[in-house]
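The listed protein sequences correspond, in order, to chains A and B. Okay, so the first sequence: first residue is 16 according to the working numbering, each after it adds one. Okay, so the second sequence: first residue is 86 according to the working numbering, each after it adds one. Glycine residues also receive a C-beta, built at the ideal position from the N, C-alpha and C atoms. Report on the structure given below.
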Amino acid sequence: MMVGMSCSWALLSMPAAAQSPAPGSAPTSAETAAKAKAVRAQVEAALAAADNSPGAASPAPATGSAPAASPATGTAPPAAADTRSLDENTQQLKKDVVDLNRDLFVLEEELLFPANTQVAVYVSMDVGEFFALDSVTIKIDNKEVTNYLYTPREVDALLKGGVQRLYLGNLKVGNHELVAFFSGKGPDNRDYRRGASLKFDKSIGAKYLELKIEDRQRKMQPEFAIKDWE
Amino acid sequence: MKSFRGWTLTQRCIAAATLTILCLVANAQGFALLGQSAPDFALRSFGGTNVRISEDRGDVVVLTFWGSQCGVCRRQLDMLDRSFATYRSAGLHMYGVSVDDDAARARQFVAAHPLGFTMLEDPAKDVARRYQIDNLPTTVLIDRGGIVRYVYRDFGPRDEALYLNQLRELLNE
Numbered sequence: 016m017m018v019g020m021s022c023s024w025a026l027l028s029m030p031a032a033a034q035s036p037a038p039g040s041a042p043t044s045a046e047t048a049a050k051a052k053a054v055r056a057q058v059e060a061a062l063a064a065a066d067n068s069p070g071a072a073s074p075a076p077a078t079g080s081a082p083a084a085s086p087a088t089g090t091a092p093p094a095a096a097d098t099r100s101l102d103e104n105t106q107q108l109k110k111d112v113v114d115l116n117r118d119l120f121v122l123e124e125e126l127l128f129p130a131n132t133q134v135a136v137y138v139s140m141d142v143g144e145f146f147a148l149d150s151v152t153i154k155i156d157n158k159e160v161t162n163y164l165y166t167p168r169e170v171d172a173l174l175k176g177g178v179q180r181l182y183l184g185n186l187k188v189g190n191h192e193l194v195a196f197f198s199g200k201g202p203d204n205r206d207y208r209r210g211a212s213l214k215f216d217k218s219i220g221a222k223y224l225e226l227k228i229e230d231r232q233r234k235m236q237p238e239f240a241i242k243d244w245e
Numbered sequence: 086m087k088s089f090r091g092w093t094l095t096q097r098c099i100a101a102a103t104l105t106i107l108c109l110v111a112n113a114q115g116f117a118l119l120g121q122s123a124p125d126f127a128l129r130s131f132g133g134t135n136v137r138i139s140e141d142r143g144d145v146v147v148l149t150f151w152g153s154q155c156g157v158c159r160r161q162l163d164m165l166d167r168s169f170a171t172y173r174s175a176g177l178h179m180y181g182v183s184v185d186d187d188a189a190r191a192r193q194f195v196a197a198h199p200l201g202f203t204m205l206e207d208p209a210k211d212v213a214r215r216y217q218i219d220n221l222p223t224t225v226l227i228d229r230g231g232i233v234r235y236v237y238r239d240f241g242p243r244d245e246a247l248y249l250n251q252l253r254e255l256l257n258e
């Protein structure tokens with residue numbers, strides 16, 4: 016059973032990425048809902064404050080960082096303080112929204128890809144002298160689950176040590192086979208297409224696999240391998 | 086059928102204006118992606134490099150869907166090329182997406198009509214489907230935040246001025 020897929024970039028080292036989050040660190044849906052409610056209340060309060068503030072009717076710049084430029088010099092200090100406080104509130108709200116978004120993302124992943132069925136495939140690349148990556152196709156149990164085209168910037172990121180999560184999905188417990196096809200330009204700038212496969216046993220717990228592209232200096236050829244991170 | 090001969094000039098003008106507005110509103114509302122995030126995609130260009138549209142976030146992006154057998158598309162591509170030459174330094178990215186069934190014909194077209202912007206192949210028409218393309222040429226204007234702001238589902242003589250105004254507006258944001 017395979018449900019869903021997603022790709023994302025993570026400039027993380029593989030072992031760190033492979034570690035599942037600590038049980039206590041993940042937010043629960045109740046916590047996230049409470050946070051969302053609090054952020055909403057803050058947004059409403061900030062909007063109300065903005066409506067009631069003396070400078071609200073005037074088209075003041077959003078940054079509000081130039082109190083000296085205010086035309087009403089007699090009321091400048093309180094207006095400037097109000098604007099500064101509003102600006103701080105806005106920054107805090109933005110931070111809260113980003114935090115909430117992160118929590119929701121983690122929660123969504125945990126719901127869609129529970130640890131007992133989760134399988135994640137990462138891609139890493141070393142040197143890249145004999146192979147310029149163009150695309151990777153992944154098949155699990157003979158079913159294509161992803162086909163990813165790489166732009167030059169993405170290849171650069173991989174060469175700088177980035178590890179990309181190419182696929183995230185669900186698999187039932189048991190034996191499975193993963194086949195990965197790599198295409199690009201090989202030695203002497205020729206079209207190059209190679210495959211690698213791995214039979215693996217999915218037990219209870221998340222499964223992490225890494226597609227490794229390395230240069231084999233002795234053979235002057237690229238080498239493709241799939242590593243099973245237990 | 087009721088005759089319109091009895092209508093005064095004012096009534097006729099009002100009716101024509103109403104009809105035009107309704108057509109414009111229907112055309113704009115028919116495109117569900119307006120105001121939404123532009124769907125991300127990666128396609129291979131005719132030059133061989135791959136392009137992912139999300140990498141251009143922060144700049145204005147113009148996507149135009151064309152076919153080699155569409156005469157209007159040729160005129161529009163020439164117009165777009167002129168605007169690209171003018172505004173590329175202001176942060177404009179432009180891509181032509183070929184939806185030809187015959188890839189060889191599209192390649193011939195690209196070779197015969199060299200343009201300044203990148204032409205992409207969409208042989209499976211996945212991207213055209215995601216952008217709900219039902220007419221050629223269709224041009225999509227995406228703002229710096231990655232939101233679909235304007236869509237042209239045809240190209241007429243009056244569209245050029247409107248397109249340039251809207252493009253300038255996005256570039257000034």
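- prompt: Should the region 154 to 163 of chain B be regarded as contacting the region 237 to 253 of chain B, the criterion being three or more beta carbon pairs within less than 8 Å?
  reply: yes
- request: Could you check what DSSP says for E245 of chain B in three-state terms: helix, strand or coil?
  value: The sequence position of residue 245 of chain B within the second sequence is 160, counting from 1. Helix.
query: Under a CB-based cut-off of 8 Å, is E140 of chain B close to chain A?
result: One-based indexing of the second sequence puts residue 140 of chain B at position 55. It does: the Cβ of E140 of chain B has a partner Cβ on chain A nearer than 8 Å.
- request: Using beta-carbon positions only, say whether W151 of chain B and P222 of chain B come within less than 8 Å of one another.
  value: What you label residue 151 of chain B is simply residue 66 of the second sequence in a count that begins at 1. What you label residue 222 of chain B is simply residue 137 of the second sequence in a count that begins at 1. Going by C-beta atoms, W151 of chain B is nearer than 8 Å to P222 of chain B.
query: Which chain A residues sit within Cβ distance under 9 Å of T95 of chain B?
result: Locating residue 95 of chain B in the second sequence gives position 10, counting from the first residue. Neighbours of T95 of chain B on chain A: none; closest Cβ ~39 Å, over 9 Å.
field: Members of the region 117 to 149 of chain B that neighbour chain A once the beta carbon cut-off is set at 8 Å
entry: A127, L128, R129, T134, N135, V136, R137 and E140
field: Where T166 of chain A meets chain B, residues with beta-carbon distance less than 9 Å
entry: As a first step, residue 166 of chain A is located in the first sequence; it is residue number 151 there, counting from the start. Correct list: A127, T134, N135, V136, R137 and E140.
- request: Reducing DSSP to helix, strand and coil, say where S101 of chain A ends up.
  value: Translated into the one-based positions of the first sequence, residue 101 of chain A becomes position 86. At residue 101 of chain A the sequence reads Leu, which differs from the Ser that was named. L101 of chain A: helix per DSSP, three-state reduction.
message: By the 9 Å beta-carbon criterion, what residues does the region 139 to 153 of chain A contribute toward chain B?
response: D149 and S150
- prompt: In whole angstroms, what separates the C-alpha of T98 of chain A from that of A60 of chain A?
  reply: Translated into the one-based positions of the first sequence, residue 98 of chain A becomes position 83. Translated into the one-based positions of the first sequence, residue 60 of chain A becomes position 45. Cα to Cα, T98 of chain A sits roughly 15 Å from A60 of chain A.
field: DSSP three-state assignment for D228 of chain B, whether helix, strand or coil
entry: Position 143 of the second sequence, counted from the start, is the residue given in the question as residue 228 of chain B. D228 of chain B falls in the coil class under three-state DSSP.
query: Are there 16 or more other CB atoms within 10 angstroms of the CB of V182 of chain B, so buried, or fewer, so exposed?
result: Within the second sequence, numbered from 1, the residue matching residue 182 of chain B stands at position 97. The residue in question, V182 of chain B, is buried, as its Cβ has 16 or more Cβ neighbours within 10 Å.
message: Do V170 of chain A and A147 of chain A have their beta-carbon atoms positioned less than 8 Å apart in this structure?
response: Along the first sequence, one-based indexing puts residue 147 of chain A at 132. Along the first sequence, one-based indexing puts residue 170 of chain A at 155. Yes. Within cutoff.
- request: Give a yes or no on contact between the region 227 to 241 of chain A and the region 130 to 141 of chain A, applying the rule of three or more CB pairs nearer than 8 Å.
  value: yes
message: Would you say N257 of chain B lies against chain A (beta-carbon separation less than 8 Å)?
response: As a position in the second sequence, residue 257 of chain B is number 172, starting the count at 1. No, because no Cβ of chain A sits closer than 8 Å to the Cβ of N257 of chain B.
task: Indicate, with yes or no, if the ligand MN has a heavy atom lying under 7 Å from the CB of L181 of chain A.
output: Judged by which ligands are present, the structure shown has none, so any question about the ligand MN falls away.
task: List the whole-angstrom C-beta distance separating L148 of chain B from V136 of chain B, where the pair is believed to meet the contact cut-off of C-beta under 8 Å.
output: As a first step, residue 148 of chain B must be located in the second sequence, where it is residue number 63. As a first step, residue 136 of chain B must be located in the second sequence, where it is residue number 51. Incorrect: roughly 11 Å between the Cβ atoms, too far for contact.
task: Measure the beta-carbon distance from G201 of chain A to P237 of chain A and round it to whole angstroms, keeping in mind my assumption that it falls under 8 Å.
output: Residue 201 of chain A sits at position 186 when you count from the first residue of the first sequence. Residue 237 of chain A sits at position 222 when you count from the first residue of the first sequence. Contact flag correct, Cβ pair sits at about 7 Å.
query: If you run the structure through DSSP and keep just helix, strand and coil, what is T149 of chain B?
result: Translated into the one-based positions of the second sequence, residue 149 of chain B becomes position 64. If DSSP states are grouped into helix, strand and coil, T149 of chain B belongs with the strands.
query: What whole-angstrom Cβ distance do A117 of chain B and I138 of chain B have, given they're in contact under 8 Å?
result: On the second sequence, position 32 is the one that residue 117 of chain B refers to. On the second sequence, position 53 is the one that residue 138 of chain B refers to. So it is not a contact: roughly 18 Å between Cβ atoms.
Pair within 8 Å by beta-carbon distance, V212 of chain B and V225 of chain B: Position 127 of the second sequence holds residue 212 of chain B. Position 140 of the second sequence holds residue 225 of chain B. Going by C-beta atoms, V212 of chain B is not nearer than 8 Å to V225 of chain B.
- prompt: Which class does F120 of chain A belong to by DSSP, given the choice of helix, strand or coil?
  reply: By 1-based counting over the first sequence, the position of residue 120 of chain A is 105. F120 of chain A falls in the helix class under three-state DSSP.
query: Taking the alpha carbon of L173 of chain A as the point to measure from, which residue in A:N190, A:G184, A:S218 and A:Y137 has its own alpha carbon closest?
result: Position 158 of the first sequence, counted from the first residue, corresponds to residue 173 of chain A. Ranking the options by Cα distance to L173 of chain A, first place goes to A:Y137.
message: Counting C-beta neighbours from all protein chains within 10 Å, is the total for S212 of chain A 16 or more, i.e. buried, or is it exposed?
response: Sequence index remark: in the first sequence, residue 212 of chain A carries index 197 (1-based). The residue is exposed, with fewer than 16 neighbouring Cβ atoms inside 10 Å.
field: Boundaries (first-last residue) of the beta strand (DSSP E) holding S183 of chain B
entry: Here residue 183 of chain B corresponds to residue number 98 of the second sequence, with the count starting at 1. Run containing S183 of chain B: L177 to S183, per the beta strand (DSSP E) assignment.
Cβ-Cβ separation, A135 of chain A to A221 of chain A (assumed contact under 8 Å), whole Å: As a position in the first sequence, residue 221 of chain A is number 206, starting the count at 1. As a position in the first sequence, residue 135 of chain A is number 120, starting the count at 1. So it is a contact: roughly 7 Å between Cβ atoms.
message: Does D141 of chain A come out as helix, strand or coil in the three-state DSSP assignment?
response: Here residue 141 of chain A is taken as the residue at index 126 of the first sequence, counted from 1. Coil, per DSSP.
Exposure of T99 of chain B, with buried meaning 16 or more beta-carbon neighbours within 10 Å: The residue you call residue 99 of chain B lines up with position 14 of the second sequence. Checking the sequence, you will find Ile at residue 99 of chain B rather than Thr. Its Cβ having fewer than 16 others within 10 Å, I99 of chain B is exposed.
message: I need the DSSP call for I241 of chain A, collapsed to helix, strand or coil.
response: To locate residue 241 of chain A, count along the first sequence from 1; it is residue 226. I241 of chain A: strand per DSSP, three-state reduction.
field: Between the CA atoms of D203 of chain A and G189 of chain A - distance to the nearest angstrom
entry: Walking along the first sequence from the start, residue 189 of chain A turns up at place 174. Walking along the first sequence from the start, residue 203 of chain A turns up at place 188. Distance between the alpha carbons of G189 of chain A and D203 of chain A: 42 Å.
- prompt: Hey, does L226 of chain A have any beta-carbon neighbour from chain B nearer than 8 Å?
  reply: Position 211 of the first sequence holds residue 226 of chain A. It does not: the Cβ of L226 of chain A has no partner Cβ on chain B nearer than 8 Å.
message: Taking the alpha-carbon of G120 of chain B as reference, which of B:Y216, B:A246, B:Y248 and B:N250 has the nearest alpha-carbon?
response: Your numbering for residue 120 of chain B matches position 35 in the second sequence. Among B:Y216, B:A246, B:Y248 and B:N250, the Cα nearest to that of G120 of chain B is on B:Y216.
- request: Let me know the beta strand (DSSP E) ranges lying completely inside the region 137 to 204 of chain A, each 3 residues or longer, listed in chain order.
  value: 147 to 155, 158 to 164, 178 to 185 and 189 to 200
query: How about Y180 of chain B and L252 of chain B: do their beta carbons lie closer than 8 Å?
result: On the second sequence, position 95 is the one that residue 180 of chain B refers to. On the second sequence, position 167 is the one that residue 252 of chain B refers to. Against a cut-off of 8 Å, the Cβ pair of L252 of chain B and Y180 of chain B comes out as no contact.
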